[in-house]
Ligand SMILES: NC(=O)c1ccc[n+]([C@@H]2O[C@H](COP(=O)([O-])OP(=O)(O)OC[C@H]3O[C@@H](n4cnc5c(N)ncnc54)[C@H](OP(=O)(O)O)[C@@H]3O)[C@@H](O)[C@H]2O)c1
């Protein structure tokens, strides 16, 4: 089976390519990596994506490319809608016309994060984005669903949260570097404690997506509407909890002071409750707890911050 990945040079894209290279259903040609030169979200049309499909002949497209700069999206909501919304719609039109399956990677930010009952958002909860990034991702979900459903088989929608993983420069690395600067300055590190989510390691997420493909569970049955999957490492943490775990596992001894979201103004308003209730995987095994997953990321993190 040939699977094409958009955003193949991104954090999730590269994990997907690696996982697909090892997948039992991948043939000798390997997965198809589509990155910005082949597929530019600013210029693509259904026709140019159709030509790409005709050239590379994938049976499934995993759409992981997106404008993920949430503050940039807040400053230019129209551009966000074009890149994350309309471009996803054009990709879906091309997939539907060519009879190719499509799964779109999306986000907890389609939800408002106002939930206070301690339960993660499920696939059937009402979406209500509170920032332009979330609105643009929801538009992508909607346009993909409309185009693919009209073609007979709805899309897979893969929602996830708080991604980190190779090539680094992610939340754990930024926290570790900020902690070292704080230590040099003799200061504690201030981290937001009232934003809670599910830290998710991209290699684990990519493995879960491969499992869904292998078990034929990624894409819905014809006529069934979208198959919405919530894929996250198990458990939840505030940003401050996550930062404490980073420093504990990386053995950086710097105190953390809890602050509120209101103390950390930024262009985009993040949902306070970024927790997704994981949907079952075919194996019946949930993705592992986020702390266990993070342990696998620590050696690369330590190498990166120490330069060794
Ligand atoms: N990061 C998170 O915490 C998070 C959480 C939930 C959901 N998601 C979703 O997960 C998916 C993957 O995110 P990620 O964390 O892997 O993000 P990422 O590292 O920023 O990767 C995004 C990819 O999209 C590509 N891209 C951006 N703008 C583009 C454009 N105008 N034309 C063509 N390609 C463009 C980038 O290409 P270049 O490599 O050329 O820049 C990059 O390869 C996205 O759909 C995102 O919305 C992310």
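Numbering (this note's numbering), first residue to last: 996 to 1303. Note that the Cβ used here is the ideal one computed from N, Cα and C, for glycine as well. Bear in mind the structure is a predicted one, so any value in this text is a computation, not a measurement.
From the DSSP output, read off the bridge partner residues of residue i.
i            : result
residue 1159 : 1196
residue 1128 : In DSSP, residue 1128 forms no bridge with anything.
residue 1185 : 1252
residue 1223 : 1152
residue 1027 : 999
residue 1191 : 1233 and 1268
residue 1096 : 1055
Please indicate yes or no: does the CB of residue i lie closer than 7 Å to some heavy atom of ligand 1?
i            : result
residue 1100 : yes
residue 1060 : yes
residue 1231 : no
residue 1122 : no
residue 1193 : no
residue 1157 : yes
residue 1163 : no
residue 1169 : no
residue 1063 : yes
residue 1007 : yes
residue 1002 : yes
residue 1199 : no
residue 1015 : no
residue 1074 : no
residue 1037 : yes
residue 1178 : no
residue 1034 : yes
residue 1307 : Outside the shown range of the chain, which is 996 to 1303, sits residue 1307, and nothing can be said about it.
residue 1070 : no
residue 1078 : yes
Less than 8 Å between CB atoms is the rule here; does residue i satisfy it with respect to chain C?
i            : result
residue 1289 : Among the chains of the structure shown, chain C does not appear; only one protein chain is present.
If you run the structure through DSSP and keep just helix, strand and coil, what is residue i?
i            : result
residue 1058 : strand
residue 1018 : coil
residue 1101 : strand
residue 1167 : helix
residue 1294 : helix
residue 1284 : strand
Who are the Cβ neighbours of residue i in its own chain at under 7 Å, not counting the five residues just before and after it?
i            : result
residue 1241 : 1167, 1170 and 1171
residue 1012 : 1000, 1003, 1026 and 1028
residue 1106 : 1116, 1120, 1122, 1123 and 1266
residue 1082 : 1036 and 1039
residue 1052 : 997
Can you give me the Cβ contacts of residue i inside the same chain, cut-off strictly under 8 Å, excluding the 5 residues immediately before and after it?
i            : result
residue 1024 : 997
residue 1092 : 1041, 1045 and 1146
residue 1225 : 1115, 1116, 1117, 1118, 1154, 1155, 1271, 1272, 1273 and 1274
residue 1255 : 1187, 1188 and 1189
residue 1010 : 1160, 1161, 1197, 1198, 1200 and 1201
residue 946  : Outside the shown range of the chain (996 to 1303) lies residue 946, about which nothing can therefore be said.
residue 1208 : 996, 998, 1018, 1020 and 1055
residue 1085 : 1039, 1040, 1041 and 1044
residue 1204 : 1011, 1014, 1057, 1098, 1153, 1213 and 1226
Suppose the cutoff is 6 Å on Cβ atoms and the five residues either side in sequence are ignored; what does the same chain contact list for residue i look like?
i            : result
residue 1034 : 1001
residue 1101 : 1132, 1136, 1152 and 1154
residue 1103 : 1156, 1269 and 1271
Looking at ligand 3, does it come within less than 7 Å of residue i, judged from the CB to the closest heavy atom?
i            : result
residue 1030 : Looking for ligand 3 in the displayed structure turns up nothing; the ligands present are ligand 1.
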